[in-house]
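Worksheet: one structure, shown below.
Chains as they are written, first to last, in our numbering: chain E, 224 to 625; chain R, 213 to 507.
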């Protein structure tokens, strides 16, 4: 007689524990290029992800009151270190999903080697390479910036609108550089522009004077430079100016780094301009987020990819809440449900409202600070590209393309 | 032709000078302590950051910060030797080699902790080069780097051939057993090896910062060409290392010159040049140009 009683008591205890465990703590990994060529971008981007983490916890927690924890790993914005970082997050930290990585090369490497084979949802806030679109990713890889197929097209238009129809192109030899340089070249030539030189280079070298001398042949009006400012970008701009080879530069999001202005000085960049993914022009939810961001961290809400980082983290948290557990496949399946229309619209800072709607069994549609994030079948989104010019020690958006 | 000198040869010599200064330490440590010091690149990083602090705190130009950077970097190297390498001295050298990997990571992490991970410059903006004879354009800092390296080479040559310690170092490097039988003090020799190796690494680090920027991976990225330069010159031959550094630096830069209207190789393969030269040397002339020790 004793045994069944014990068994009943035990199962009751287990049930109670299971009920308690329903408020599950959730870990989400994030791969950031804390060291390496993107280091200068990271502090505000990481703060934005942390703000999303804090919003979830302040809004009642995740999965019935559990703690939502962001585990940060350094991917050095390079392929191999990002694979190592992703392996650590997925296998050791046992995270439910991964936010990151930032650069395309790092994101693709981490996805191919770790998150896709392990069936872990990965959402990059910033990776723009066109080659991600057609990756065989089992629907586990998403991003919330538009592909460079689009940025290349917009950039070609912006350049021609400035009255520049002869350019040389220098691009860094990685997934990011090769991708956007290719789409820019194609669109620029299609619209009637001439590419006078087209050369890739290796990151991390000390001198690019040789390549630049070759590129300056053929009388280009400006240099289109697709590189990270902290990698080769600032060096190339500096060495071009010193040698008098180029005095006008056209950059993409990788070059639009305050570091460039810090190292070169704003005067020399007065005629240069930049393209980068940006947030919609009129977005009250985004503005409210920026105000809160600056209240918490003092400054930095206007820095690149702050919105995207917040949104990516928030989308992952919503997908987990919708999945109702840390089951990795269920989380992946839930992402489109919370991100795409139809559904009741929730925005940044509305975690509590979203949880309540999900608990009532309603469909939700997260519209973030960086855009509405409607994922297509490839895990890509449409988005906005801005044109930026140097303004003091930072950048100013002067036009926006949808 | 002037393009070749302005944009390929002079940057090549500058880069070669930086490799050369780093390679001297690698070669001497290899020759006298008998191990491949993988933390040498990061020692260079440490030197560059000490220079940066001096520039920030004292408001002096980078060149004036060199003595401070050298002194502090020597202390760091002597400390690393005492704390990490000396206890392993009697074991097979592979222990020390692996330990030096660890020390490299320690150096880099401490630098990231103290100075942050963002890349920095000694001075903001850019300088227009000096134009000579209407067509020769050389940046002032390149002249400074090249002249300083030449002076250091002469000084090193004098030190090795005309001072007691220099002769001792060459003796230990050539035949350690004979040197110790002759009663030469090995610990003192080792101390001086570190002082010279670390001092030159610090100078090279400041030069890199002067030429481009200071970041936490700078030394690590230069490690491979520095080893290639040391092998090319011959292990244990400091002047060979200088020659090797210059050859590799110049080869890396001029290989992209369009000699026949077209670049010889794509600039994205520049880094491979050091590898190729290192492999060829190991296969065809394993003792290097200056007849160094066999590995």
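Cβ atoms here follow ideal geometry from the backbone N, Cα and C, with glycine treated the same way.
query: If we ignore side chains and look at the alpha-carbon of each, how far apart do residue 397 of chain R and residue 366 of chain R end up?
result: 26 Å
- request: Would you mind sorting residue 617 of chain E into buried or exposed? The rule is 16 or more other CB atoms within 10 Å of its CB.
  value: exposed
Presumed contact (8 Å Cβ cut-off) between residue 239 of chain R and residue 442 of chain R, rounded CB distance: 4 Å
task: Would you list, in sequence order, the uninterrupted alpha helix (DSSP H) runs of no fewer than 4 residues that lie entirely inside the segment 371-458 of chain E?
output: 371-384, 398-413, 432-439
task: Would you please verify whether the beta carbon of residue 434 of chain E is less than 8 Å from any beta carbon of chain R?
output: yes
field: Coil, strand or helix - residue 314 of chain R by DSSP
entry: helix
query: Where does the unbroken beta strand (DSSP E) through residue 255 of chain E begin, and where does it stop?
result: 249-255
- request: Return the chain-ordered list of same chain residues with a C-beta closer than 6 Å to the C-beta of residue 489 of chain E, the five sequence neighbours on each side being excluded.
  value: 613
field: Span separating the alpha-carbon of residue 219 of chain R from that of residue 458 of chain R
entry: 16 Å
- prompt: Would you say residue 219 of chain R reaches chain E, if we count a Cβ-Cβ gap shorter than 8 Å as a contact?
  reply: yes
- prompt: Which runs of the beta strand (DSSP E), 3 residues or longer, sit entirely within the segment 495-579 of chain E?
  reply: 496-501, 567-569
message: Given this structure, state the Cα-to-Cα distance separating residue 231 of chain R from residue 358 of chain E, to the nearest angstrom.
response: 41 Å
query: Which bits of chain R does residue 487 of chain E rub up against, with CB to CB less than 9 Å?
result: 336, 337, 338
query: Using the C-alpha atoms, what's the distance from residue 602 of chain E back to residue 470 of chain E?
result: 39 Å
query: Who are the neighbours of residue 453 of chain E on chain R, taking C-beta pairs under 8 Å?
result: 330, 331, 427
query: Is residue 434 of chain E buried or exposed, if buried means 16 or more other CB atoms sit within 10 Å of its CB?
result: buried
message: Would residue 409 of chain R and residue 281 of chain R qualify as a contact pair, given that the criterion is a beta-carbon distance under 8 Å?
response: no
Straight-line Cα distance separating residue 445 of chain E from residue 464 of chain R: 27 Å
- request: Use the C-beta contact count for residue 564 of chain E: other C-beta atoms within 10 angstroms, 16 or more gives buried, fewer gives exposed.
  value: exposed
Continuous beta strand (DSSP E) stretch holding residue 285 of chain E: start and end: That residue, residue 285 of chain E, is in no beta strand (DSSP E); it is neither H nor E in DSSP.
- prompt: If we ignore side chains and look at the alpha-carbon of each, how far apart do residue 520 of chain R and residue 428 of chain E end up?
  reply: In this structure chain R extends from 213 to 507, so residue 520 of chain R is not present and cannot be described.
field: 7 Å CB neighbourhood of residue 554 of chain E in its chain, flanking five on each side removed
entry: 319, 320, 344, 542, 543, 546
- prompt: Looking at the structure shown, is residue 230 of chain R part of a helix, part of a strand, or coil, going by DSSP?
  reply: helix
query: Nearest to residue 417 of chain R by CA position, among R:363, R:233, R:497, is which residue?
result: R:233
query: Are the C-beta of residue 479 of chain R and some C-beta of chain E separated by less than 8 Å?
result: yes
task: Kindly give me the distance between the Cβ atoms of residue 351 of chain R and residue 332 of chain R, rounded to whole angstroms, as I take these residues to be in contact under 8 Å.
output: The pair is not a contact, with the Cβ atoms about 19 Å apart (cut-off 8 Å).
message: For residue 464 of chain E, would you say it is in contact with chain R, using Cβ-to-Cβ distances shorter than 8 Å as the test?
response: yes
message: Going by DSSP, what residue range makes up the alpha helix (DSSP H) through residue 485 of chain E?
response: 481-487
message: By the DSSP assignment, the beta strand (DSSP E) with residue 364 of chain E in it spans what residues?
response: 364-366
task: Pull up the CB-CB distance for residue 440 of chain R and residue 489 of chain R, whole angstroms please, since I reckon it's below 8 Å.
output: 6 Å
Selection of the segment 315-327 of chain R by Cβ proximity to chain E, strictly under 7 Å: 324
- request: Taking residue 257 of chain E as the query, report the chain R residues whose CB atoms sit under 9 Å from its CB, ordered along the chain.
  value: 324, 329
field: Coil, strand or helix - residue 420 of chain R by DSSP
entry: helix
query: How is residue 218 of chain R classed by DSSP in three states: helix, strand or coil?
result: helix
message: List, in chain order, every chain R residue whose beta-carbon is nearer than 8 Å to that of residue 704 of chain E.
response: Nothing about residue 704 of chain E can be read from this structure; chain E reaches only from 224 to 625.
- prompt: residue 522 of chain E CB to nearest chain R CB: under 8 Å?
  reply: no
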